[in-house]
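Participant: Mind having a look at this structure? Questions to follow.
Protein chains: 2
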Amino acid sequence: MDTYKKPSPEIETPAVCRSCEARHGGICSTLTVSQLVELNKYSARRRIDAGNEVIGQGENVSSYSNILKGVVKLSKMMSDGRQQIVGLQFAPDFMGRPFLGESTITAEAATETEVCTFPRSVVDRMVAEVPEMEHKLYDQSLKELDEARDWMLTLGRKTAQEKVASFLYLILSHIDPESDHRSTFDLPLSRADIADFLGLTIETVSRQMTKLRKDGIIIIENNRHVIVPDSDRLREAAGID
Amino acid sequence: MDTYKKPSPEIETPAVCRSCEARHGGICSTLTVSQLVELNKYSARRRIDAGNEVIGQGENVSSYSNILKGVVKLSKMMSDGRQQIVGLQFAPDFMGRPFLGESTITAEAATETEVCTFPRSVVDRMVAEVPEMEHKLYDQSLKELDEARDWMLTLGRKTAQEKVASFLYLILSHIDPESDHRSTFDLPLSRADIADFLGLTIETVSRQMTKLRKDGIIIIENNRHVIVPDSDRLREAAGID
DNA sequence: CGCGTGATTGATGTCCTTCAAAGAGGGTGG
DNA sequence: CCACCCTCTTTGAAGGACATCAATCACGCG
Numbered sequence: 001m002d003t004y005k006k007p008s009p010e011i012e013t014p015a016v017c018r019s020c021e022a023r024h025g026g027i028c029s030t031l032t033v034s035q036l037v038e039l040n041k042y043s044a045r046r047r048i049d050a051g052n053e054v055i056g057q058g059e060n061v062s063s064y065s066n067i068l069k070g071v072v073k074l075s076k077m078m079s080d081g082r083q084q085i086v087g088l089q090f091a092p093d094f095m096g097r098p099f100l101g102e103s104t105i106t107a108e109a110a111t112e113t114e115v116c117t118f119p120r121s122v123v124d125r126m127v128a129e130v131p132e133m134e135h136k137l138y139d140q141s142l143k144e145l146d147e148a149r150d151w152m153l154t155l156g157r158k159t160a161q162e163k164v165a166s167f168l169y170l171i172l173s174h175i176d177p178e179s180d181h182r183s184t185f186d187l188p189l190s191r192a193d194i195a196d197f198l199g200l201t202i203e204t205v206s207r208q209m210t211k212l213r214k215d216g217i218i219i220i221e222n223n224r225h226v227i228v229p230d231s232d233r234l235r236e237a238a239g240i241d
Numbered sequence: 001m002d003t004y005k006k007p008s009p010e011i012e013t014p015a016v017c018r019s020c021e022a023r024h025g026g027i028c029s030t031l032t033v034s035q036l037v038e039l040n041k042y043s044a045r046r047r048i049d050a051g052n053e054v055i056g057q058g059e060n061v062s063s064y065s066n067i068l069k070g071v072v073k074l075s076k077m078m079s080d081g082r083q084q085i086v087g088l089q090f091a092p093d094f095m096g097r098p099f100l101g102e103s104t105i106t107a108e109a110a111t112e113t114e115v116c117t118f119p120r121s122v123v124d125r126m127v128a129e130v131p132e133m134e135h136k137l138y139d140q141s142l143k144e145l146d147e148a149r150d151w152m153l154t155l156g157r158k159t160a161q162e163k164v165a166s167f168l169y170l171i172l173s174h175i176d177p178e179s180d181h182r183s184t185f186d187l188p189l190s191r192a193d194i195a196d197f198l199g200l201t202i203e204t205v206s207r208q209m210t211k212l213r214k215d216g217i218i219i220i221e222n223n224r225h226v227i228v229p230d231s232d233r234l235r236e237a238a239g240i241d
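Chains as they are written, first to last, in the UniProt record's numbering: chain A, 1 to 241; chain B, 1 to 241.
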């Protein structure tokens with residue numbers, strides 16, 4: 001982590017960026033060291049408690065963020081209160097467009113979350129300078145589009161049982177990518193959130209969870225902690241393939 | 001078609017592009033005349049009958065297309081036959097990524113459709129040369145992401161009545177943008193397609209259509225032709241705002 | 001301990017599906 | 001030109017999956 005070799009000039013990677021996931025897979029991976037230093041001047045780290053909106057009320061509304069830790073839920077609400085979660089963002093995802101667009105989406109921390117925020121203007125300038133950065137953003141939006149469309153199939157055509165299994169499988173594959181073995185994780189969402197994500201009610205989610213438990217597909221501890229003995233069985237229950 | 005005037009140098013806008021929607025709002029609007037000429041060398045126009053896949057079977061699978069006319073439906077299918085339409089594309093939308101990605105989406109002409117296809121390699125090269133082109137593509141993917149998420153709310157939280165009204169409103173706003181007045185249009189989708197788009201059955205779609213008709217919100221002629229006397233009432237029925 | 005929030009479980013209701021049949025064009029061939 | 005058929009759509013009756021309403025449980029905290 002501290003390979004100090006200093007190619008030639010006096011600039012080096014900002015300390016906060018060194019262990020940052022975004023510096024690797026994320027947006028910042030497209031930047032040179034000097035660009036990273038520049039961006040870092042204007043960036044700020046923030047911690048967001050579960051249930052709070054990501055858009056800092058004191059902060060400038062027009063800002064972008066990288067998720068460093070935690071899970072953020074993107075949701076849409078109808079005027080009568082009906083709500084639908086339309087996406088989950090994990091580290092090191094980039095968030096930014098959702099806020100300002102015509103499409104009214106709210107971003108809220110599902111778990112305790114840490115983000116790195118930048119003023120919109122600085123990032124916009126860098127995007128103009130660094131084509132790879134826009135490419136990376138484009139790439140993420142395509143990934144999100146794929147995920148959204150996958151979820152449309154889940155929402156429109158799957159049974160409650162398959163929906164809940166699909167959700168568990170989604171979390172599983174984000175927590176523990178490529179797991180053919182026994183896995184264990186904490187759910188980042190409450191039952192109410194899961195219901196809003198799946199287009200169901202809390203009660204139905206609960207019932208389907210206990211059914212999956214009784215079928216031996218999952219083991220539940222403390223309401224939030226889940227063990228998946230065999231991810232293939234979960235996949236099957238989710239109607240995938 | 002053969003207006004040979006030659007401004008000053010020897011290049012000019014290809015004839016086929018002149019009246020093309022994509023040259024204006026679409027992807028090609030970012031290109032210079034010479035780039036357009038270059039791209040046009042490798043492009044081909046194709047007519048696709050309703051119900052046929054957009055990916056030409058004889059054509060190279062890895063190709064991009066602009067929609068010139070008609071409506072294309074993007075859909076996903078489960079192994080047991082359940083199907084969900086995850087998006088509709090209208091002229092002058094660009095299509096290209098859907099095919100090759102990991103996410104298995106099939107693109108099929110909903111109506112008689114005309115497309116302008118390009119080999120993937122040529123477009124990829126141009127995207128690398130022209131940052132505005134990538135910007136345009138990025139922009140479209142963000143637009144599609146918004147639409148997908150809007151639809152997730154529809155799929156997850158709206159009633160059958162609201163779903164059907166939402167679909168009609170979607171078509172209305174694509175056919176006749178900004179219409180506060182009486183509008184009339186042909187549905188680009190069959191009842192079966194509408195059902196697959198809304199996550200419903202054919203019968204339910206039919207029932208809700210007749211209900212909307214009996215409530216005076218729409219007038220139906222010949223199963224496909226729809227008249228909307230008051231788009232605000234339709235909006236309301238769709239649960240929008 | 002009592003309270004509050006979130007989750008589970010049960011009883012009942014309802015919206016949408018499923019199954020079934022009939023109606024409405026549209027094209028073909030006699 | 002009309003009979004026939006094919007596909008798409010509509011309409012009806014019955015059933016089921018999920019929602020709603022309501023009570024209980026489980027855990028954490030003052």
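Using N, Cα and C, we set each Cβ at its ideal position, and we do this for glycine too.
Using the Cβ count rule (16 or more neighbours within 10 Å means buried), how would you classify B/A165?
Facilitator: On the second sequence, position 165 is the one that residue 165 of chain B refers to. Its Cβ being crowded by 16 or more others within 10 Å, B/A165 is buried.
Participant: Can you give me the Cβ contacts of B/I67 inside the same chain, cut-off strictly under 6 Å, excluding the 5 residues immediately before and after it?
Facilitator: Here residue 67 of chain B refers to the residue found at position 67 of the second sequence. Correct list, in chain order: Q89, A91, D93 and V115.
Participant: Identify the contact partners of A/G199 in chain B, using a Cβ-Cβ distance below 7 Å as the criterion.
Facilitator: In the first sequence, the residue the question calls residue 199 of chain A occupies position 199. Chain B residues near A/G199: L155, G156 and R157.
Participant: Using a 10 Å radius around the Cβ and a threshold of 16 neighbouring Cβ atoms, would you call A/P177 buried or exposed?
Facilitator: The residue labelled residue 177 of chain A in the question sits at position 177 within the first sequence. Exposed, by the Cβ-count rule.
Participant: Please determine, among A/L234, A/R207 and A/E162, the residue with the shortest C-alpha to C-alpha distance to B/R82.
Facilitator: In the second sequence, residue 82 of chain B corresponds to position 82, counting from 1. Out of A/L234, A/R207 and A/E162, A/E162 has the C-alpha closest to the C-alpha of B/R82.
Participant: Measure the alpha-carbon distance for B/R233 versus B/F185 and round it to whole angstroms.
Facilitator: For the purposes of this step, residue 233 of chain B is taken as the residue at position 233 of the second sequence. For the purposes of this step, residue 185 of chain B is taken as the residue at position 185 of the second sequence. When rounded, the distance between both Cα atoms is 17 Å.
Participant: Quick check on B/M209 - is its C-beta less than 8 Å from some C-beta in chain A?
Facilitator: Looking up residue 209 of chain B in the second sequence gives position 209. Taking Cβ atoms only, chain A never reaches closer than 8 Å to B/M209, which makes this a no.
Participant: Please go through the segment 179-217 of chain A and give each complete alpha helix (DSSP H) segment of 4 or more residues, from N-terminal end onward.
Facilitator: You should have 191-198 and 202-214.
Participant: Can you name, in chain order, every residue of its own chain whose Cβ lies under 6 Å from the Cβ of A/G96, other than the five neighbours on each side?
Facilitator: Here residue 96 of chain A refers to the residue found at position 96 of the first sequence. Answer for A/G96: Y64, listed in chain order.
Participant: For B/T106, which three-state DSSP category applies?
Facilitator: Within the second sequence, numbered from 1, the residue matching residue 106 of chain B stands at position 106. Reduced to three states, the DSSP call for B/T106 is strand.
Participant: Run down chain A in chain order and give the residues with a C-beta less than 7 Å from the C-beta of B/L137.
Facilitator: Taking the first residue of the second sequence as 1, we reach residue 137 of chain B at position 137. Neighbours of B/L137 on chain A, chain order: Y138.
Participant: By DSSP, does B/D2 sit in helix, in strand, or in coil?
Facilitator: Numbered from its first residue, the second sequence carries residue 2 of chain B at position 2. Caution applies to B/D2, whose pLDDT of 49 falls short of 50 and renders its modelled position unreliable; the value that the coordinates give is listed next. B/D2 falls in the coil class under three-state DSSP.
Participant: Taking the alpha-carbon positions, what's the B/V205 to B/I240 distance?
Facilitator: Locating residue 205 of chain B in the second sequence gives position 205, where the first residue counts as 1. Locating residue 240 of chain B in the second sequence gives position 240, where the first residue counts as 1. Approximately 19 Å, taken between the alpha carbons.
Participant: Output yes if chain A places a C-beta closer than 8 Å to the C-beta of B/D93; else output no.
Facilitator: The sequence position of residue 93 of chain B within the second sequence is 93, counting from 1. For B/D93, the answer is no, since every Cβ of chain A falls outside 8 Å of its Cβ.
Participant: Measure the beta-carbon distance from B/L172 to A/K76 and round it to whole angstroms, keeping in mind my assumption that it falls under 8 Å.
Facilitator: Translated into positions along the second sequence, residue 172 of chain B becomes position 172. Translated into positions along the first sequence, residue 76 of chain A becomes position 76. Not a contact, Cβ separation roughly 21 Å.
Participant: Using only the alpha-carbon positions, how far apart do A/C20 and B/A128 sit?
Facilitator: Counting from 1 along the first sequence, the entry for residue 20 of chain A is found at position 20. Counting from 1 along the second sequence, the entry for residue 128 of chain B is found at position 128. Cα to Cα, the separation comes out at about 29 Å.
Participant: Looking only at its chain, what residues have a beta carbon closer than 7 Å to the beta carbon of B/F118, apart from the 5 residues adjacent to it on each side?
Facilitator: Mapped onto the second sequence, residue 118 of chain B falls at position 118. The residues are L39, Y42, S43, S63 and Y64.
Participant: Beta-carbon separation of B/F167 and B/I194 under 8 Å?
Facilitator: Walking along the second sequence from the start, residue 167 of chain B turns up at place 167. Walking along the second sequence from the start, residue 194 of chain B turns up at place 194. Their beta carbons are under 8 Å apart, which means B/F167 touches B/I194 by this criterion.
Participant: What are the start and end residues of the beta strand (DSSP E) that includes B/T117?
Facilitator: To locate residue 117 of chain B, count along the second sequence from 1; it is residue 117. Per DSSP, B/T117 belongs to the beta strand (DSSP E) from T113 to P119.
Participant: Ignore the nearest five residues each way along the sequence and tell me which others in A/K158's own chain have a CB closer than 7 Å to its CB.
Facilitator: To locate residue 158 of chain A, count along the first sequence from 1; it is residue 158. Counting only Cβ-Cβ distances below 7 Å, and skipping sequence neighbours, we find S166 and G239.
Participant: Tell me the DSSP secondary structure of A/K158 in three-state form.
Facilitator: The residue given as residue 158 of chain A occupies position 158 in the first sequence. It is coil, neither helix nor strand.
Participant: With respect to the beta strand (DSSP E) encompassing A/A15, which residues constitute its N-terminal and C-terminal limits?
Facilitator: As a first step, residue 15 of chain A is located in the first sequence; it is residue number 15 there, counting from the start. Note, A/A15: premise wrong, no beta strand (DSSP E); alpha helix (DSSP H) at A15 to R18.
Participant: Whose CA, out of A/Q140, A/M126, A/L137 and A/E236, lies closest to the CA of A/L36?
Facilitator: Position 36 of the first sequence, counted from the first residue, corresponds to residue 36 of chain A. Looking at the Cα atoms, A/M126 is the closest of the given residues.
Participant: Grab me the residues of B/A110's own chain with a C-beta within less than 6 Å of its C-beta, minus the 5 sequence neighbours each way, in chain order.
Facilitator: The residue given as residue 110 of chain B occupies position 110 in the second sequence. Excluding residues within five positions, the ones whose Cβ falls inside 6 Å are V71, K73, P188 and L189.
Participant: Considering only DSSP beta bridges, list what A/S231 is partnered with.
Facilitator: The residue you call residue 231 of chain A lines up with position 231 of the first sequence. BP columns for A/S231 are empty, so no partner.
Participant: Under 8 Å: do the segment 127-147 of chain B and the segment 209-218 of chain B share three or more Cβ pairs, one atom per stretch?
Facilitator: No: the two stretches stay apart, fewer than three of their Cβ pairs being nearer than 8 Å.
Participant: I'd like the list of long-range same chain contacts for B/D180, defined as Cβ closer than 8 Å, with 5 residues on each side in sequence excluded.
Facilitator: In the second sequence, residue 180 of chain B corresponds to position 180, counting from 1. So the list reads S231 and D232, once near-sequence residues are dropped.
Participant: Does B/S19 come within less than 8 Å of chain A when only Cβ atoms are used?
Facilitator: As a first step, residue 19 of chain B must be located in the second sequence, where it is residue number 19. No, its Cβ sits nowhere closer than 8 Å to a Cβ of chain A.
Participant: Along the chain, where does the beta strand (DSSP E) containing A/R45 start, and where does it finish?
Facilitator: Taking the first sequence and counting its residues from 1, one reaches residue 45 of chain A at position 45. Start and end: A44 to I48.
Participant: Are B/V86 and B/R45 close, meaning C-beta to C-beta below 8 Å?
Facilitator: Indexing the second sequence from 1 puts residue 86 of chain B at position 86. Indexing the second sequence from 1 puts residue 45 of chain B at position 45. Taking 8 Å as the Cβ cut-off, B/V86 and B/R45 do not qualify as a contacting pair.
Participant: I want to verify the contact list: residues of chain A whose CB lies under 7 Å from the CB of B/R46, in sequence order.
Facilitator: As a position in the second sequence, residue 46 of chain B is number 46, starting the count at 1. By Cβ distance, chain A contributes nothing, its closest Cβ being about 25 Å from B/R46, past 7 Å.
Participant: Within its chain, find whatever has a CB closer than 7 Å to the CB of B/R191; leave out the 5 residues flanking it on each side and keep chain order.
Facilitator: Along the second sequence, read from residue 1 onward, the residue named residue 191 of chain B stands at position 191. So the qualifying residues of the chain are I202, V205 and S206.
Participant: Which value, in whole angstroms, describes the spacing of the CA atoms of B/S103 and A/D146?
Facilitator: Mapped onto the second sequence, residue 103 of chain B falls at position 103. Mapped onto the first sequence, residue 146 of chain A falls at position 146. If you take the alpha carbons of B/S103 and A/D146, they lie about 6 Å apart.
Participant: Given that a residue counts as buried once 16 or more other Cβ atoms are within 10 Å of its Cβ, and exposed if not, what is A/D2?
Facilitator: Along the first sequence, read from residue 1 onward, the residue named residue 2 of chain A stands at position 2. At A/D2 the pLDDT is 48, less than 50, meaning the model places this residue with poor confidence and gives no usable figure here.
Participant: Helix, strand or coil, according to DSSP, for B/E38 in the structure here?
Facilitator: Reading the second sequence from its first residue, position 38 is the one you call residue 38 of chain B. It is helical.
Participant: Among B/L198, B/A160, B/V123 and B/D124, which has the Cα closest to the Cα of B/A148?
Facilitator: Position 148 of the second sequence, counted from the first residue, corresponds to residue 148 of chain B. Per the Cα distances, B/L198.
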